[in-house]
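**Student:**
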Amino acid sequence: MSAISRGAPNDRQTAARIAFPPLASRHAVSHFRRLCHIRHASGRSSRRHARAARTRSMPLVLHHAWDAVCPIKVRMGLAEKGLDWKSVPYSIAAFEHLGPDYLAINPNGTVPTLVDGERVVFESSVINEYLDDIGPGPPLKPAEPGERAEMRMWVKFQDDVLHPATRPHTFSLILLHPESPMARLSDDEMEARLARHPDPNRLAMFRQMGRTPAPAAVLEQAEAALGRALDRLERGLADGRPWLAGDAFSLADVAMTGVVDRLHYCGLSRLWEARPGTGAWVERLQARPAYAAAVPALSQRMPGPLTA
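Numbering follows our numbering, with no gaps: position 13 of the sequence shown is 974.
The structure is reproduced here in structure tokens:
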């Protein structure tokens, strides 16, 4: 299956010195400087985007899985940046991403992979930074250095903590669902497919989790770990900020899209509903037009709790 998609619903100083009143707050000064920096950076960004648009003769191609956490956050980035792209989907449950053709473009055997002409980019967080650099939409990286660092810390938190914490539920409720291709494989068939995996850590993960659904006690422990991770989001949003890295929507929020969708699909929305700051942030995230463009349609879902 291959289709052109659109990332939308349905589809330092300034030249002049500015004198502030003596009693101006440090916050106001900082805010003004940040605005000046944004405007200045915005001009450079617009010129860069114009050059990129002139030189790109082929559409972006996204090799991905519709119902996987990392591809969802990249599709969110594509939608937020308003970029056209061509879809080349794979089934993770059938191990299509471990075939020789895919491993030829991504030797890590992970999804997604972005192809931009002769350039190949993999690792979802790296892809989203690349999309922000080439795309015409509003910048998704804060201009202020502290906020940009905070953005990247949240992205890493999603990569290293939140996403791994979803895996017991992903395997037990989705990949090992009775109608999933993975659940139908014999042990020998499973091992033959896993033998192609280039990453020994992921190979071990599939061997550990990919045969038998986790017992209830393990899922309870995983849910508790997810709750602790969301407590960190709750603390980060406690100052009333609308988005994780500050006042502006950023790649920090984009990074969380796949995890939010996965928790919802596994019936774990109660985790943010019990945390008012996080719950309100999730509502804002889900209300963005790009969110609807990023998450899969029901027909593109792997079998799971919401398709039963």
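Where a beta carbon is used, it is the ideal one built from N, C-alpha and C, also for glycine. Since the model is a prediction, treat every value here as computed from it, not as a measurement.
Give the single residue among 1024, 1039 and 1021 whose Cα lies nearest to the Cα of residue 1255.
**Tutor:** Of the candidates 1024, 1039 and 1021, the one whose C-alpha sits nearest the C-alpha of residue 1255 is 1039.
**Student:** Taking residue 1251 as the reference, give the member of 1236, 1098, 1050 and 1083 with the closest Cα.
**Tutor:** Cα-wise, what sits closest to residue 1251 is 1098.
**Student:** Count the other CB atoms within 10 Å of the CB of residue 1244; is the residue buried (16 or more) or exposed (fewer)?
**Tutor:** Looking at its Cβ environment, which holds fewer than 16 other Cβ atoms inside 10 Å, residue 1244 is exposed.
**Student:** Starting from residue 1192, trace the alpha helix (DSSP H) both ways and give me its first and last residue.
**Tutor:** Element bounds for residue 1192: 1177 to 1197.
**Student:** Decide if residue 1041 is buried, meaning its Cβ has at least 16 other Cβ atoms within 10 Å, or exposed.
**Tutor:** Buried, by the Cβ-count rule.
**Student:** Please specify which runs of the beta strand (DSSP E), each continuous and at least 3 residues long, are wholly inside the region 1053 to 1125, giving them in chain order.
**Tutor:** Complete beta strand (DSSP E) runs here, min 3: 1074 to 1077 and 1080 to 1083.
**Student:** Tell me the rounded alpha-carbon separation between residue 1263 and residue 1024.
**Tutor:** Cα to Cα, residue 1263 sits roughly 17 Å from residue 1024.
**Student:** May I ask you to verify whether the region 1179 to 1198 touches the region 1125 to 1143, counting CB pairs closer than 8 Å and requiring at least 3?
**Tutor:** Yes, since at least three Cβ pairs between the region 1179 to 1198 and the region 1125 to 1143 fall closer than 8 Å, the two stretches touch.
**Student:** To the nearest angstrom, how far is the alpha carbon of residue 1124 from that of residue 1220?
**Tutor:** Those two C-alpha atoms are separated by around 6 Å.
**Student:** Return yes when the Cβ of residue 1022 is within less than 8 Å of the Cβ of residue 1049, no when it is not.
**Tutor:** Yes, the pair counts as a contact, with Cβ atoms nearer than the cut-off.
**Student:** For residue 1205, which residues in the same chain have their Cβ closer than 8 Å to its Cβ, ignoring the five residues on either side in sequence?
**Tutor:** Cβ within range, chain order: 1111, 1112, 1115, 1194, 1197, 1198, 1211, 1213, 1214, 1217 and 1242.
**Student:** According to DSSP, what are the bridge partners of residue 1204?
**Tutor:** DSSP lists 1207 as partners of residue 1204.
**Student:** Kindly say whether residue 1096, judged by its beta-carbon, lies nearer than 8 Å to any beta-carbon of chain C.
**Tutor:** Absence of chain C from the displayed structure is noted, only one protein chain being present.
**Student:** At what residues does the beta strand (DSSP E) containing residue 1225 begin and finish?
**Tutor:** Where residue 1225 is concerned, there is no enclosing beta strand (DSSP E), although the alpha helix (DSSP H) it sits in stretches over 1212 to 1226.
**Student:** Do residue 1067 and residue 1083 have their CB atoms nearer than 8 Å?
**Tutor:** Going by C-beta atoms, residue 1067 is nearer than 8 Å to residue 1083.
**Student:** For a test of the three-state rule: what should DSSP assign to residue 1247, helix, strand or coil?
**Tutor:** It is helical.
**Student:** Can you give me the C-alpha to C-alpha distance between residue 989 and residue 1030, rounded to a whole angstrom?
**Tutor:** With a pLDDT of only 39 at residue 989, under 50, the local geometry of the prediction cannot be trusted, and no value is derived from it.
**Student:** Starting from residue 1023, follow the beta strand (DSSP E) in both directions and report where the run begins and ends.
**Tutor:** Note, residue 1023: beta strand (DSSP E), 1021 to 1025.
**Student:** Alpha carbon to alpha carbon, how far is residue 1224 from residue 1257? Give it in angstroms, no decimals.
**Tutor:** Roughly 14 Å separates the two Cα atoms.
**Student:** Leaving aside the five residues before and after residue 1239 along the sequence, list all residues of the same chain whose C-beta is less than 6 Å from its C-beta, in chain order.
**Tutor:** Counting only Cβ-Cβ distances below 6 Å, and skipping sequence neighbours, we find 1191, 1194, 1195 and 1233.
**Student:** Can you find the residues in the same chain that come closer than 8 Å, C-beta to C-beta, to residue 1093, ignoring five residues on each side of it along the sequence?
**Tutor:** Hits under 8 Å: 1038, 1042, 1100, 1101, 1102 and 1212.
**Student:** How long is the line joining the alpha carbons of residue 1051 and residue 1026, rounded to whole angstroms?
**Tutor:** Each residue's alpha carbon lies about 5 Å from the other.
**Student:** Pull up the CB-CB distance for residue 1134 and residue 1143, whole angstroms please, since I reckon it's below 8 Å.
**Tutor:** Rounded, the Cβ-Cβ distance is 12 Å, inconsistent with contact.
**Student:** Does residue 1257 come out as helix, strand or coil in the three-state DSSP assignment?
**Tutor:** Residue state, collapsed to three classes: coil.
**Student:** Specify the secondary structure class of residue 1237 as computed by DSSP and reduced to three states.
**Tutor:** Here residue 1237 sits in helix by DSSP.
**Student:** Quick one, are the C-beta atoms of residue 1072 and residue 1020 less than 8 Å apart?
**Tutor:** No; because the gap between Cβ atoms is not below 8 Å, this pair is not in contact.
**Student:** Residue 1050 bridges to which residues according to DSSP?
**Tutor:** Its beta-bridge partners are 1025.
**Student:** So, under 8 Å CB-CB, residue 1207 and residue 1108 are touching, yes? Tell me the CB distance rounded to an integer number of Å.
**Tutor:** Rounded, the Cβ-Cβ distance is 5 Å, consistent with contact.
**Student:** Leaving aside the five residues before and after residue 1085 along the sequence, list all residues of the same chain whose C-beta is less than 6 Å from its C-beta, in chain order.
**Tutor:** Result list for residue 1085: 1031, 1034 and 1035, in chain order.
**Student:** Taking just the CA atoms, how far does residue 1203 sit from residue 1104?
**Tutor:** Approximately 17 Å between the Cα atoms of the pair.
**Student:** Do residue 1155 and residue 1168 have their beta-carbon atoms positioned less than 8 Å apart in this structure?
**Tutor:** The answer is yes: Cβ separation under 8 Å.
**Student:** May I ask you to report which of helix, strand or coil DSSP gives residue 1231?
**Tutor:** Looking at residue 1231 - three-state DSSP - the assignment turns out to be helix.
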